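Chains E and G, in that order, give the protein sequences.
The first sequence maps to residues 1 to 203 in the numbering used here.
The second sequence maps to residues 1 to 260 in the numbering used here.
Heads up: the structure comes next, in structure tokens.
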Amino acid sequence: MKIAIVDYGMGNIHSLNGALKYLSFSKIILSNKIKDLESADKLILPGVGNFSAAMKELNSLKLDQHLKNLILIDKKPILGICLGMQLLCKTSMEGGFTNGLNLVDACVTEFNKDQVKVPHVGYNQIITNKHSKLYSNISESPDFYFTHSYKVHSDENICQSFCSYQDDFIASFELDNIAGVQFHPELSQKNGLQLLKNFLDLF
Amino acid sequence: MLRKRLIFGLIYSDGFFTQSRNFRLQKVGDLKWLERNYKFHDISFSLDELFIVDASRSERDQNKFAETLRSIANNVFIPITAGGGINCMGDADILFDNGADKVVLNTSLIKCPKLLKSITDKYGVQSVIASIDYKILNGEQVVFISNASEKIAYSLTEYIKYIESIGVGEILINSIDKDGTGFGYDMETSHEIEQDVKIPILIMGGAGNKTHLKDGLESKNISGVVTANLFNFIGESLPDARSYLIENKINIANWEKNIT
């Protein structure tokens, strides 16, 4: 299986790359070239940083429409991680109101700084959705590593799992071939390694 | 609920990992040696976070340290904090580019006061841990910089207030007196400090066994405990310590044992 990590210049990919190798997936490409992404069986969209800056980067690489085609028409499985998950959503308020890739009916808003410490950093437990494939073979209320100041909300059924930090926010979603996790599976020990394996095996 | 953290610190010096005692370094072995004799990769599965600090006293070989960092970062699946001798933006960039999720600043908080903001502007406030080394002298907690060789004018309490006000993600308090002794953390100071600090506080210096880790984590406002004691936590003792902490209802993460 060939896995492409979409490399658009934002995000720490050492651990992610290492995690895939640990799981014995050896055909990994880091690329922002459309041809490479087309040739992959599965896509991972990582990301750390500012939403609006990331969208600008994707637009300038002309990746936005191509990614959408690969995901919506070719039905290539994609896993968005952290900012990568947020980019799959409709809109975000980070860096001013910005349109995302609009693949999932969800919006990104900021944590309320008056109520909680922002960013939300550290290991936190999540309440998993029982229909979710991402959490196969993972114990109840698993821990994952979070580091983010913005969070995802949706009124639709997108098979969401929740994390609680003052209020509940969406820790992950999955819709057919599209999955997103707010946390970093590559920094979450075997909980995260199992989740990555689930995405690669089951999607 | 947000979890507390068990953190291991690797103290690097001129190509070797070391055991520190009251800030005097004893060479233990290089990365291969660490892997062969300490099964470091297995041990890392019992941790929540890893610190890798370049404490080289002579001239630093930044590229060699970065290579070591990258090699570790590719094989552990927890956040990594790196540091030691960061004096300019380029020093920080090279660590982030080679797998660090956060950097630790100490002497440069005083010597290069503008550096902190440059780093947090680029990587976010959560990406910096301020490390504070202190000693008890005549009953007072006195802060030292430059590998414990230079005293500063602030008291520990004043300095923590100052650090909190300039905007860092976390504060690490390291007891020079307890460093490497295995006698336990300086709990007295920890209790005093934790009262009104709003950002996460980590403590370091003195852990020699699992009950010391438990004592530290039981302290209400301590978010994490760090140990760099290679000799006391080799082999099964870290996995064993983690199980012990969980059995004793310490609020730390539960990890899957196997991948299926």
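Cβ atoms here follow ideal geometry from the backbone N, Cα and C, with glycine treated the same way.
Nothing here was measured: the structure is a model prediction, and the numbers come from that model.
Proximal residues of chain G, C-beta to C-beta of residue i below 9 Å
{"i": "residue 128 of chain E", "result": "Those do not exist, as residue 128 of chain E stays about 13 Å from chain G at its closest Cβ, beyond 9 Å."}
{"i": "residue 193 of chain E", "result": "77, 256, 259"}
CB contact check: residue i to chain E, cutoff 8 Å
{"i": "residue 8 of chain G", "result": "no"}
{"i": "residue 62 of chain G", "result": "no"}
{"i": "residue 257 of chain G", "result": "yes"}
{"i": "residue 253 of chain G", "result": "yes"}
{"i": "residue 48 of chain G", "result": "yes"}
CB contact check: residue i to chain G, cutoff 8 Å
{"i": "residue 210 of chain E", "result": "Any answer about residue 210 of chain E is impossible in this case: the structure gives chain E only from 1 up to 203."}
{"i": "residue 119 of chain E", "result": "yes"}
{"i": "residue 197 of chain E", "result": "yes"}
{"i": "residue 64 of chain E", "result": "no"}
{"i": "residue 36 of chain E", "result": "no"}
Chain-ordered neighbours of residue i on chain E, where CB pairs are closer than 8 Å
{"i": "residue 192 of chain G", "result": "Here the premise fails: no neighbours, minimum Cβ distance about 22 Å."}
{"i": "residue 70 of chain G", "result": "14"}
{"i": "residue 99 of chain G", "result": "12, 14, 15"}
Chain-ordered neighbours of residue i on chain E, where CB pairs are closer than 9 Å
{"i": "residue 73 of chain G", "result": "12, 14, 15, 18"}
{"i": "residue 45 of chain G", "result": "189, 190"}
Contact set between residue i and chain E, taken where Cβ atoms lie within less than 7 Å
{"i": "residue 319 of chain G", "result": "Residue numbering for chain G in the displayed model covers 1 to 260; residue 319 of chain G lies beyond these limits and cannot be assessed."}
{"i": "residue 2 of chain G", "result": "122, 124"}
Distance cut-off 7 Å: residue i Cβ against heavy atoms of the ligand ZN
{"i": "residue 42 of chain E", "result": "The model depicted lacks the ligand ZN and carries no ligand whatsoever."}
For residue i, the nearest candidate out of the options (CA to CA)
{"i": "residue 139 of chain G", "options": "G/115, G/53, G/156, G/183", "result": "G/156"}
{"i": "residue 75 of chain E", "options": "E/181, E/194, E/186, E/175", "result": "E/175"}
{"i": "residue 130 of chain E", "options": "E/105, E/45, E/33, E/172", "result": "E/172"}
{"i": "residue 133 of chain E", "options": "E/85, E/89, E/202", "result": "E/202"}
{"i": "residue 142 of chain E", "options": "E/124, E/34, E/111", "result": "E/124"}
{"i": "residue 223 of chain G", "options": "G/213, G/52, G/231, G/235", "result": "G/213"}
{"i": "residue 126 of chain E", "options": "E/39, E/1, E/37, E/169", "result": "E/169"}
{"i": "residue 158 of chain E", "options": "E/85, E/24, E/97", "result": "E/85"}
{"i": "residue 89 of chain G", "options": "G/104, G/77, G/75", "result": "G/104"}
{"i": "residue 110 of chain E", "options": "E/180, E/53, E/93, E/190", "result": "E/93"}
{"i": "residue 144 of chain E", "options": "E/25, E/40, E/196", "result": "E/196"}
{"i": "residue 199 of chain E", "options": "E/190, E/79, E/150, E/9", "result": "E/79"}
{"i": "residue 245 of chain G", "options": "G/10, G/9, G/29, G/47", "result": "G/47"}
{"i": "residue 234 of chain G", "options": "G/151, G/181, G/36", "result": "G/36"}
{"i": "residue 75 of chain G", "options": "G/44, G/154, G/63", "result": "G/44"}
{"i": "residue 42 of chain E", "options": "E/58, E/69, E/3, E/108", "result": "E/3"}
{"i": "residue 34 of chain E", "options": "E/65, E/26, E/99, E/97", "result": "E/65"}
{"i": "residue 116 of chain G", "options": "G/68, G/170, G/10, G/151", "result": "G/170"}
{"i": "residue 128 of chain E", "options": "E/162, E/97, E/153, E/67", "result": "E/162"}
{"i": "residue 53 of chain G", "options": "G/78, G/82, G/38", "result": "G/82"}
Per-residue burial, residue i [other beta carbons within 10 Å of its own, 16 or more giving buried]
{"i": "residue 198 of chain G", "result": "exposed"}
{"i": "residue 184 of chain E", "result": "buried"}
{"i": "residue 243 of chain G", "result": "exposed"}
{"i": "residue 120 of chain E", "result": "buried"}
{"i": "residue 116 of chain E", "result": "exposed"}
{"i": "residue 107 of chain G", "result": "buried"}
{"i": "residue 113 of chain G", "result": "exposed"}
{"i": "residue 137 of chain G", "result": "exposed"}
{"i": "residue 89 of chain E", "result": "buried"}
{"i": "residue 50 of chain E", "result": "buried"}
{"i": "residue 162 of chain G", "result": "exposed"}
{"i": "residue 3 of chain G", "result": "buried"}
{"i": "residue 54 of chain E", "result": "buried"}
{"i": "residue 221 of chain E", "result": "Lying before the first or after the last residue shown, residue 221 of chain E is absent from chain E, which here runs from 1 to 203."}
{"i": "residue 166 of chain E", "result": "exposed"}
{"i": "residue 5 of chain G", "result": "buried"}
{"i": "residue 204 of chain G", "result": "buried"}
{"i": "residue 285 of chain G", "result": "Look at the range of chain G in this structure, 1 to 260, and you will see that residue 285 of chain G is not part of it."}
Beta-carbon neighbours of residue i, restricted to chain A and to distances below 8 Å
{"i": "residue 138 of chain E", "result": "Protein chains in the displayed structure are E and G, and chain A is not among them."}
Beta-carbon neighbours of residue i, restricted to chain G and to distances below 7 Å
{"i": "residue 147 of chain E", "result": "126"}
Residues that residue i contacts on chain G, provided the C-beta gap is smaller than 8 Å
{"i": "residue 143 of chain E", "result": "3, 253, 254, 255"}
Residues from the region 114-125 of chain G in contact with chain E, defined by Cβ distance under 8 Å: 124, 125
Chain-ordered residues of the region 165-193 of chain E with a beta carbon less than 9 Å from chain G: 165, 184, 185, 186, 187, 188, 189, 190, 191, 192, 193
Members of the region 146-171 of chain G that neighbour chain E once the beta carbon cut-off is set at 8 Å: 169
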